[in-house]
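Everything below concerns the one structure shown next.
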Amino acid sequence: EVLQLQERSEQLAQELREVGGSRAALRRRLWDLRQHLHVLREGQRLAGPTAPLGSPVRPRALSDHEPLLEPALQQHLERKISFVAGVVHPWRVGAFERLLWRACRGYLVVNLAEMAEPVEDPVTGESITWVVFFISYWGQQIGQKIHKICDCFHCHIYPYPESEAGRADTISGLQGQLQDLSVVLEETEQYLEQVLDRVALALPSWQVQVQKMKAIYLVLNQCSFDVTEKCLIAEVWCPVRDLPRVQDALRQGSLQSGSSVECFVQRVPTAESPPTLIRTNKFTAGFQSIVDAYGVASYQEVNPAPYAIITFPFIFAIMFGDVGHGLLMFLFALWMVLNEKSPSLQQGSNEIWLTFFEGRYLILLMGAFSIYTGFIYNECFSKATVIFPSAWSVATMANRSSWSSAYLAAHPSLTLNPNISGVFQGPYPFGIDPIWSLATNHLNFLNSFKMKMSVVLGVVHMAFGVVLSVFNHVHFRQWHRLLLEFLPEMTFLLALFGYLVFLIFYKWLCFGAADSTGAPSILIHFINMFLFTSSAGNAPLFPGQGPVQMVLVVLALASVPVLLLGSPLYVWCRQRAPRRGHPRPEPPGDQEPLLDGQEAGSSVNTAKPDVESGGHGPDAEPMDLAEVFMHQAIHTIEFCLGCVSNTASYLRLWALSLAHAQLSEVLWSMVMRQGFVRWGPAAAAALLVPVFAAFALLTVAILLLMEGLSAFLHALRLHWVEFQNKFYAGAGYKLCPFAFAPCDWE
């Protein structure tokens, strides 16, 4: 097949060279003939007709269209005047004319004229308006100088017959040749087009064949010969679950090739860190890309991507909660999902569009979760929706209070007292009560709610990340890290910030509208907890709160030295312990490591110690205790300080949610509302279309794109920094399997 492909390609290449050469020669000849024809016509116009003998002498006129010589003088100098005609590039005209005048000392007459239309240069393809020159001179030496100067300036010189009849015959002959050459050139180009069509049909399949052969030989060149130099040996990484498929493919390849030696697979022990293969589909690929951007998972490490499928859109939606905006985002992503097989969407050239298209399922979930949180916030384009009746009764407040007409006139804002029976009938069934959108203190209410919600979700998210580290410790059989790392970390986190979450819920549950004015401040209690003091003006939330807080702080402080010194001291004791018995024997032949090189019970983190690694396998080599202690000290400082800073970092959920709501409200009141209240009904109806267009444009540009990108980046940071660093090292490398794709081997 390769020889046939080579023979066929050489034939087509030779045919293309021949046809292309003929076409180039014909175009060059056609260009020369056209230039010659232009020169003859311009020369006729410049030289003019020769006067017959005995005709009267015409007066000399100052015109470029008059003959070069008077007819009376031309009769005597007819045999001594010679002509040189041709074309010169317009850029060289000035220098060409000056050099002719200086070299020939004026013994010549030069006439220059531009062609009527530009002519394409057959060599460069440039369209040039050439300049025709017509030189009359006396003497042979002057003629030699003129020819040398023309050669220096790359002028094209053409024969110029001296007689009028000769010029007419030459022009007639050139016109006939031009017609014949045009016909021949047209047929040549048609034949060339046919050859190119054949090449265009065969070339794609040839390219695929050559690229496949090149890729195969590139892999074969990485193989090594055996002792007999008759077989190739290849050491590869292969997933264990795909081993039967590999063996079956090798067996079929041996049968189809007619080889006398059958191919086989044998597992090879290795100490190298295996690559990481995470199988994804079109739904999970976007979430896995977010995790891989932080770092590829180490071999057999817990993968955060499945959990990010839920947590990432939810955290985004907390900052982007609006039913209308979430619905627009959801519909846009749904359109991309329904048309995901469209070639125009898959093969777009815009990098930004391809980024949106690859993350279509991520955008779909972000829009769906934004609709959910929008219902909780009860916001749809900054306006509240009345799904259920409000739990606040204004009529009851008016009937049971002293609201007179004078009181109503003097107080534009009225206060609803929930302690009056019937004014507040209980919590709203789902989300925020719509009456809060009419209240003047709704911002204070939402600030308190969203700030506490951010702290609660942040502590739960971080605690979940610490819990996921248990799976790493158990899988890699690093049992000491459960007691010396996981337990101190959970103790420190829950004793301080878990207690803060408990105070938030306790205050929500134990203090109602009747005693809310005397409710103590959680912030002051939390500050006093670290200072081991109490405030007289801030009553305790429950009996015995002071001793409980002291115990929790002591537990948190006691967990720090355990986290700092536990793992290094364990490693030190393991290294100092004398090895009993004989050296550990090699594993038997039937206990081979996995095909992908990872021994059972070992971790990629223990192959080369890193910041997160403190444990070793039973047969690990001795490590530098100073390096282990330094790594553990960095980890301890990062975790303890990170618990404080990361908890504060989750307050961005409150800040961005508030900013999104306020921007949406400003956009409604400054743009859309003006179309209803500023003008009368007739003018408002006419202006509603452009006002709505402006409102829609600003909503998409500012709230969907800018605010959406901002919320996406903040959610990304919360996952990378606050969540994944609790359990995820990300120090691995991807498995890059062989594939017939040029980007994999070029």
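The opening position of the sequence shown corresponds to residue 372 in the working numbering, with each subsequent residue numbered one higher. Glycine is no exception: its CB is placed at the ideal position from the N, C-alpha and C atoms.
Taking residue i as part of the alpha helix (DSSP H), name the residues at either end of that continuous run.
| i | result |
| --- | --- |
| leucine 485 | The residue asked about is misnamed: residue 485 is glutamate in this sequence, not leucine. Note, glutamate 485: premise wrong, no alpha helix (DSSP H); beta strand (DSSP E) at 479-485. |
| alanine 1055 | 1052-1069 |
| histidine 844 | 813-846 |
| isoleucine 517 | 511-523 |
| tyrosine 877 | 870-881 |
| tryptophan 577 | 535-591 |
| phenylalanine 682 | It should be pointed out that residue 682 corresponds to threonine in this sequence rather than to phenylalanine. Residues 676-690. |
| phenylalanine 788 | The sequence given here has asparagine at residue 788, not phenylalanine. Note, asparagine 788: premise wrong, no alpha helix (DSSP H); not H, not E. |
| methionine 707 | 694-709 |
| valine 1015 | 996-1020 |
| tyrosine 1099 | That residue, tyrosine 1099, is in no alpha helix (DSSP H); it is neither H nor E in DSSP. |
| tryptophan 1091 | Element bounds for tryptophan 1091: n/a, residue is neither H nor E. |
| proline 859 | 858-864 |
| arginine 771 | No alpha helix (DSSP H) holds arginine 771; DSSP gives it neither H nor E. |
| serine 1035 | 1023-1038 |
| valine 1048 | 1045-1048 |
Can you tell me which of the three DSSP states residue i falls into?
| i | result |
| --- | --- |
| cysteine 944 | helix |
| threonine 888 | helix |
| valine 794 | coil |
| threonine 647 | strand |
| serine 335 | Summary: the structure shown does not reach residue 335, with the chain confined to residues 372 through 1117, and so no result is reported for it. |
| lysine 1105 | strand |
| glutamine 920 | helix |
| glutamate 372 | coil |
| proline 532 | coil |
| alanine 910 | coil |
| alanine 810 | coil |
| glycine 414 | helix |
| phenylalanine 727 | helix |
| threonine 641 | coil |
Only counting the same chain, and skipping five residues up and downstream in sequence, which positions put a Cβ closer than 7 Å to that of residue i?
| i | result |
| --- | --- |
| valine 481 | Glu468, Leu471, Phe504, Ile506 |
| proline 714 | none |
| tryptophan 577 | Leu376, Ser380 |
| proline 958 | Only weak support is given to the placement of proline 958: the predicted model assigns it a pLDDT of 38, under 50, and the value that follows is read from those uncertain coordinates. So the list is empty, once near-sequence residues are dropped. |
| arginine 764 | Residue identity check: residue 764 is serine in the sequence provided, not arginine. Correct list, in chain order: Gly793, Val794, Gln796. |
| glutamine 415 | Arg538 |
| leucine 926 | Thr862, Ala866 |
Note down the Cα distance separating residue i from residue j, rounded to an integer number of angstroms.
| i | j | result |
| --- | --- | --- |
| arginine 412 | alanine 539 | 9 Å |
| alanine 1100 | glycine 666 | 8 Å |
| alanine 884 | phenylalanine 876 | 15 Å |
| glutamate 729 | serine 669 | 25 Å |
| methionine 1043 | isoleucine 803 | 24 Å |
| valine 1066 | leucine 1038 | The question names valine, yet the displayed sequence has phenylalanine at residue 1066. Cα to Cα, the separation comes out at about 7 Å. |
| alanine 384 | leucine 563 | 12 Å |
| tyrosine 1021 | leucine 1027 | 11 Å |
| methionine 833 | proline 610 | 33 Å |
| alanine 1110 | alanine 586 | 8 Å |
| arginine 429 | isoleucine 452 | Low local confidence applies: a pLDDT of 45 at arginine 429 is under 50, so the model's placement there is unreliable, with the coordinate-based value given in what follows. Their Cα atoms are separated by approximately 20 Å. |
| leucine 864 | phenylalanine 913 | 22 Å |
| tyrosine 529 | glutamate 378 | 45 Å |
| lysine 516 | alanine 474 | 7 Å |
| valine 942 | valine 837 | 22 Å |
| alanine 781 | asparagine 770 | 18 Å |
| alanine 1055 | valine 1048 | 8 Å |
| valine 373 | serine 393 | 30 Å |
Which partner residues of residue i appear in the DSSP bridge assignment?
| i | result |
| --- | --- |
| isoleucine 499 | Val490 |
| histidine 460 | Histidine 460 is not bridged to any residue. |
| lysine 754 | Cys751 |
| valine 455 | Ile506 |
| leucine 603 | Phe596 |
Start and end of the beta strand (DSSP E) containing residue i?
| i | result |
| --- | --- |
| isoleucine 803 | Element bounds for isoleucine 803: n/a, residue is neither H nor E. |
| histidine 527 | 527-529 |
Once you ignore the five residues that flank residue i on each side, which residues in its own chain have a CB closer than 8 Å to its CB?
| i | result |
| --- | --- |
| valine 924 | Ala866, Leu867, Met900, Phe901, Phe903 |
| cysteine 594 | Leu603, Ile604, Ala605 |
| proline 398 | For the record, residue 398 in the displayed sequence is arginine; it is not proline. Pro493, Leu556. |
| isoleucine 649 | Gln659, Ala668, Asn674, Ala676 |
| leucine 408 | Ile542, Leu545, Gln546, Leu549 |
Is residue i close to chain C? Criterion is C-beta to C-beta, closer than 7 Å.
| i | result |
| --- | --- |
| histidine 527 | Looking at the structure shown, chain C is missing, and only one protein chain is on hand. |
In its own chain, which residues sit with a C-beta less than 6 Å from the C-beta of residue i, not counting the 5 before and 5 after it?
| i | result |
| --- | --- |
| valine 458 | Gln406, Trp501, Val503, His527 |
| serine 434 | Note that serine 434 scores 49 on pLDDT, short of 50, meaning its location in the model is unreliable; the coordinates nonetheless yield the value given after this. So the list is empty, once near-sequence residues are dropped. |
| leucine 934 | Pro859, Thr1007 |
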